[in-house]
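Novice: Okay, here's the structure, questions in a sec.
Residue numbers (the working numbering), protein chains in the order written: chain A, 1 to 210; chain B, 1001 to 1491; chain C, 2001 to 2495; chain D, 3001 to 3102; chain E, 4001 to 4644.
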């Protein structure tokens, strides 16, 4: 099964296309941002935010638009790492770490394995559904509405604060003991579920009609 | 113990004993089942263990009926919680007793299945008892995860996996929506504790009305998905059809009841101060649910899909009552919802267990396959008829009483229009229930169909449910009193 | 009526239910036992009904034999006496209870010849009976509505399993229309409870509580539409011909004889008594609908050939009189309406009994197929002619005394309507006489030589009804003396 | 400093894009990814609120932590189901998993 | 006999209907067990009635003195039938009897003719199926008729009014195996019922104005001017509509000729002597009120006139012996209404009495002929005077009375009517009425000639014929006597002979104490015109009736018009078929298509169709389902956005 997946060429293409993208769009944008920071129009954290946001959105777009599934998965990684950067901006290193480890490391790998095991690469029908244009329209409206609603609120002018690591841990394990237990059970359920479904005895499966 | 702010935390684990017992037993069931070949034990051990756990948990819950205490400000064990604990445990108990033959015959991974049922029960119980958003969210996920898997466990049925996939993917979208909504609530109030949220919201204008509204919308979407409210209901018929029948029953009973419990906890608690903001959203959803659920049910040919749409319609009535909760009739409306919920669950269990036994015998689930049941098994036909009539709110059965109380509460809260829609929808529903009744009573059975009997446990469970159906239908006082006490605990 | 007579009212509900439960226990093979049990219980109900009617005293108190057991109270939105099992009758219900007793007795008798699942039939039949009695004697709105729906519920299976001619269609249509009819009643009950706001469904309390005039004007029409559907009021009558055509004999009898009166009674109790100001406001509309129904039913009946369809439309017409009477909002007209309920109940039950007696043999009800039936079934024909005469309002029979009250009541307020109502009586004559001339007289058709005369059971049943028709027609005072004083207590009513 | 609205807007956009992915994709796994996007948007919200508005209690952070955990678990669970489906039908195209309808 | 009158008299008037009712009940339930199917019970009942009537008349004498009638306690209160009372309000329907001169005239006619017919029927109906049932219904009829004429309450009168209609229906349909009989019964019932609509409306209108059903109270109120004139006119016209139906006046006369399908004795009693004059009785009873509403009186007058004339013309060409008599009955009833229309109540009632005797006689005579020959078409009869001398003689007596030949009863009463009319403003009325009398004489003569004279045209029928048994001829003879002499009753001297202080004339002439007076000029004109009629009849129909056949060819159209009864039956049938049934068809169609199929079934199908469309939203595809969720989110957020 594994030999069917042309890993090297994929990565080549990703690197090339990624490089071109960053070069063609990212560079001018970066220059503009640096200039803006230099002239004091925006602060340095803002510049970082914009860069991270740019990566996040671009990655998200890639994830939902790219026809190639592996590309999409890799775009997702970009997004998730960009999100982790945002977490850093929000002063929560711990969560940024978790994000990178769990998502970038665990989940994406899991998804990639899933993709491989389902032969998604070779499946020509796995593209976008017919309702894509309508979905695009709908989601644009939705995002617009969401943002309108969000920005209509008076959020004041707060600033971000660092949460001390020990406090975080103390609160988590002292007050939120029950959620942790629940999550433990939850993970147990998830494992059970995955096992049950993946390990379904062949006798339990219906005869495949090919 | 104290928290980081120096406030005392009540860590009295006795409060959580029923849940803990169920967790332990579920692990035991799963564990023992995994090694049953090595341990060389009979197949009856998992079910025995599961029942034992349920009985113990039920006993403990009953012992805690009069308690009103919180656990680490996350879980509130009050009469409302007790009501739902007892309800949920009873549901699982009845389901397992009533349909264990089916489970052993038509479910793969029996041990895991029982374990998952217990875990789902725990999730449902926590949903009813949570007093903090995160706990509530995790409880929802615990219930949902267990059900995602349970749905996929029908042996030799391609539909099972498909149902599970639909359920899990759409469930993911819904819980993302729910979370987004919760984040808005959190952002606006800065709290996850119900009472703190309530305090902030009742204190007056936060200047963040629109984000709050967005949050409300998404919470209603998220919970509406679990409650199968239109237009978030579309997974329901498919999941119901694909799942093993006891799981379908569980979906229609525990899952729905837990969602309603959460609705009540949230909309009757922290979100009550802004009732006018969510009432109109919920009314719209409720109306759509009642109408679509009952209309589409008219056209169904599969009994499980029919019951799915019927339960969608039923959820519409309850959502409507939750609108009434916001109109200053909180306690009355809540107790009415609880009465109706209990009645609906008793009825639904009767129907589903009967259908389970029918499926055991015939392997059919088309409505037309019920042809002549009144002659091949008059007892079962009577049970199904009673159940369906009760669902339609026909008199002498519990459905009539509970619907009467429910609708009355909504009208008393000033929502006559909603009730009018509900009554019309409930009349429409009678038609499709009669379609089933018609098959059973009007037609002769297929040639060669012999008279057959249920198993002993089948008789016991159905009869018990039938008796409560009639008794509560004619004398609803115990039900209503319990619901009233439960509602009083919440308000 | 003494204090303890309330037990008899409770007995009226419990007896049929008890019979139904006992029947469930009896094995269906024991036909003799089933027949015996039903014979006894129907007779007991008959005599208890008579006793209740007789025991009702004229002293003019509104409700007599009142007994109340708290059922659900002080929980949720229910206050003191929230839901109570409360019984009691006034003059109107006294006469309707009697009607029920009279109709159920022959209804039971003629059902004994059913071969197919006799036991199940009687179980459902007695549940229906319990519901009907319940509607008449219960004084708690919750139980009232419970009884109302209980009376409708068995109808579906009774018609669909034991019926004839398009039975599934007829049964489903009847069921759905009647259930749809209960929608506005349901809504009105809720609104009434909320409007009074005393946390109780006690009808006595609700009757005496003050209700906003605006409220009454909104909800009175709902009650009329809802109950009117069961009372076959135009244009909600469509179930009646099809339903009656499809129903088995006893069910037709009870349905047309009693259940339709439940609908009209609902208009009296929930509508006129509960919301007199609304009734005053909507009275003209009720009269207009009633007279439309009367004319409409009668004219439609001219073209019917199926005997039961004919009776269905005839019932629409006669129930139209009832609504005219109720809409007049004066005591004479309303008394007439209640009398008409009784009169029509007896007469139409007799009709359906007779049609059933013939249909069971011939399996044909189409009038043009028959001729000279009086030759083959003379006694049956005599009964039929008698029923027709009662139906067309021949003086001395029950229909006349009721109709004349309605006409007078109508003339007091709406002379034109009164005139049309009298004209309707002439149209009624026409279609009945046409039917008689066509099917009963003339040369006997040898095709039906095999038809036998009615059995003795059927004759006795018919005789009971004939006796009641004559009694009411010739000596109506016992009824009027009970009905009129009860009705005259409705506030705002013209005398 | 960066205004909180920036993060909220970004969260909304991520949520919306994730939803778009769910709506427009046919592969079960891509849909799962899209759901992850939505959850990422939610997490941004939570953490932004926690560090801007709820600095003392920072419940949002804990919330986000659990969200990430649950999301990961969900992926595992869902993948199991997708694999099962694939074994049954040789496809992970959700449009083909439509035996049950109407 | 004053002692007996204390115990039986007007107070016991309720006995009159009670006795035949008992007879009816016993016969109808136990006729299979009784000897002769219980016919004797009917006879006993009739005898009892005659007896009670006698006592009542004796009792009644007491109210006559000083040439005036003093009712006293004639209005006998019996009991409350229906009573609804409340403050300031009383709705009362009482049962009461009221006897006055009009009632007494009717009682005499009913009791005598009833008894005669009952006795006659024993012979006539001998050996028929349903022999006992016939007598039961006859008793029922007599009971209802007596109740009708003695009731003091309009409701009870209406009850009796419908009761006689019922008895009439049952007797017309007595031979229901004949489709024509069934149709005739139906027609009679429906037609009279249409008139009864008016009667009931009139009763209710009068109640509404006066608050009472008591006839005397109503009359008192109406004559004292309590009721508005227009209102009263409408009410009285409505009452008259009832009379038109029951007394077979134009345009509701069509049922009476067909009613001859019934047994002949029943026709004699019901459709000649008693029931059909109920309308006359009703109008006479209310005559004081009609004095007030002259418009209504004119309507009565012209209706009667038209009916009298039309019926007479139809009688000229009819071949069925009974139908000729039926037309003559209609015509004579027209005479009575004309009398009522000019206010001559006494003349009308006098004619009621004489007509009862001679018309019953004629009917019974024709019954005797039919009984003997089995035929009733005059074309097939002839020369029967040889075979049936008694019948022929009595029939001729009756005919002479009908034709208005002096000394016979009809002469006096008809002359009285003509006399009354002559005083009326328009001579046109008199001329038409006199012409009608002439026509009467013609068709009467025709009937007698064709039946009893000439040569027999149906040999077998003639050979078969024989004189009827004595049970039949006896009543014929008695009635023949009465038809001859009853006209003399109007003379005071005759009355004195019978013990009436003021003479029976006072009785018959009610509150017109000037009573009977004969104007010889008018009498001679009437006599001449009657004789002329007889002569014309003789000329045309004696022997072979060739002239009559020739006359028929003189104007076939006219003949056809008359034979077809002015095509009124066809017209009515057409109205019923086209208009009424057409309307019924439209309504039935509306009910079936619009209300049922479009409204009810269509509504149900619409709901079902809605569900059918909705269910296809359920495509089974996850992205579509998610789209549902997304749409839901969008719609709800836009909703809140719009609200915020």
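Beta carbons: idealized from backbone N, C-alpha and C, even for Gly.
Using alpha carbons as the reference points, say which of 2098(C), 2108(C), 2123(C) and 2047(C) lies closest to residue 2025(C).
Specialist: Of 2098(C), 2108(C), 2123(C) and 2047(C), the residue nearest in Cα terms is 2123(C).
Novice: Ends of the beta strand (DSSP E) at residue 4617(E)?
Specialist: Careful: residue 4617(E) lies outside any beta strand (DSSP E) and carries neither H nor E.
Novice: Do the region 1101–1114 of chain B and the region 152–162 of chain A make contact, defined as three or more Cβ pairs closer than 8 Å?
Specialist: The region 1101–1114 of chain B vs the region 152–162 of chain A: no contact.
Novice: The region 2175–2195 of chain C: which residues have C-beta closer than 7 Å to a C-beta of chain B, in chain order?
Specialist: Listed by position, the residues of the region 2175–2195 of chain C near chain B (Cβ gap below 7 Å) are 2175, 2176, 2179, 2180, 2183, 2186, 2187, 2190, 2191, 2193 and 2194.
Novice: Take residue 50(A) as the anchor and find which of 66(A), 82(A) and 74(A) has the nearest alpha-carbon.
Specialist: With distances taken between Cα atoms, residue 50(A) lies closest to 82(A).
Novice: Using a Cβ-Cβ distance under 9 Å, would residue 77(A) count as near chain B?
Specialist: So no, residue 77(A) is outside the interface.
Novice: Would you mind sorting residue 1995(C) into buried or exposed? The rule is 16 or more other CB atoms within 10 Å of its CB.
Specialist: No answer is possible for residue 1995(C): it lies beyond the span of chain C, which begins at 2001 and ends at 2495.
Novice: Is the distance from the Cβ of residue 2071(C) to the Cβ of residue 1477(B) below 9 Å?
Specialist: Cβ distance < 9 Å, so residue 2071(C) and residue 1477(B) count as in contact.
Novice: For residue 62(A), which residues in the same chain have their Cβ closer than 6 Å to its Cβ, ignoring the five residues on either side in sequence?
Specialist: If we look at residue 62(A) and ignore the five residues flanking it on each side, its Cβ neighbours are 75.
Novice: Counting pairs of Cβ atoms below 8 Å between the region 2467–2479 of chain C and the region 4209–4229 of chain E, do you hit three or more?
Specialist: Contact fails: fewer than three Cβ-Cβ distances are below 8 Å.
Novice: At least one CB of chain E closer than 9 Å to the CB of residue 1383(B): is that the case?
Specialist: No, residue 1383(B) does not count as interfacial toward chain E.
Novice: I need the straight-line Cα distance from residue 1460(B) to residue 1454(B), nearest angstrom please.
Specialist: Between residue 1460(B) and residue 1454(B), the C-alpha separation is close to 10 Å.
Novice: Let me see if you follow: with CB-CB separation under 9 Å, is residue 1484(B) close to chain D or not?
Specialist: Chain D contact via Cβ: absent.
Novice: Measuring only the C-alpha atoms, how far is residue 1471(B) from residue 1251(B)?
Specialist: Cα-Cα distance, rounded: 25 Å.
Novice: At a CB-CB cut-off below 7 Å, which residues of chain E make contact with residue 3100(D)?
Specialist: Result: 4620.
Novice: Are residue 1117(B) and residue 1257(B) touching if we call contact CB-CB under 9 Å?
Specialist: Not a contact, by the Cβ cut-off of 9 Å.
Novice: Do you know whose CA, among 1177(B), 1002(B), 1416(B) and 1447(B), lies nearest residue 1071(B)'s CA?
Specialist: Selected option, being the one with the closest Cα: 1002(B).
Novice: Can you tell me where the beta strand (DSSP E) holding residue 2064(C) begins and where it ends?
Specialist: Segment 2064–2072, the beta strand (DSSP E) holding residue 2064(C).
Novice: Can you grab the Cα-Cα spacing for the pair residue 4436(E) / residue 4484(E), in whole Å?
Specialist: C-alpha separation (whole angstroms): 22 Å.
Novice: Since residue 4626(E) meets chain D, which of its residues come closer than 7 Å, beta carbon to beta carbon?
Specialist: What residue 4626(E) touches in chain D: 3022 and 3023.
Novice: May I ask you to verify whether the region 3056–3072 of chain D touches the region 3085–3100 of chain D, counting CB pairs closer than 8 Å and requiring at least 3?
Specialist: Not touching, per the Cβ criterion.
Novice: Check the DSSP bridge columns for residue 1949(C) and list the partner residues they point to.
Specialist: Since the first residue of chain C shown is 2001 and the last is 2495, residue 1949(C) is not available in this structure.
Novice: Drop a sphere of 10 angstroms on the beta-carbon of residue 2154(C), count the other beta-carbons inside from all chains shown, and report buried for 16 or more, exposed for fewer.
Specialist: Result: buried.
Novice: Could you please give me the residues that DSSP links to residue 1370(B) through a beta bridge?
Specialist: In DSSP, residue 1370(B) forms no bridge with anything.
Novice: Of all the options 4240(E), 4631(E), 4316(E) and 4230(E), which has the alpha carbon lying nearest to the alpha carbon of residue 4534(E)?
Specialist: Of the candidates 4240(E), 4631(E), 4316(E) and 4230(E), the one whose C-alpha sits nearest the C-alpha of residue 4534(E) is 4316(E).
Novice: Let me know the secondary structure DSSP gives residue 3025(D) once reduced to three states.
Specialist: Of the three classes helix, strand and coil, the one that applies to residue 3025(D) here is strand, per DSSP.
Novice: Any beta-carbon of chain B closer than 9 Å to the one on residue 4604(E)?
Specialist: Judged by the 9 Å Cβ criterion, residue 4604(E) is in contact with chain B.
Novice: In chain A, what lies closer than 8 Å to residue 3070(D) by C-beta?
Specialist: By Cβ distance, chain A contributes 183 and 186.
Novice: Spell out the partners DSSP gives residue 4092(E) in its beta bridges.
Specialist: The partner list for residue 4092(E) (beta bridge, DSSP) reads 4083(E).
Novice: So residue 1076(B) is in the beta strand (DSSP E); what residue range does that whole segment cover?
Specialist: 1075–1077 is the extent of the beta strand (DSSP E) around residue 1076(B).
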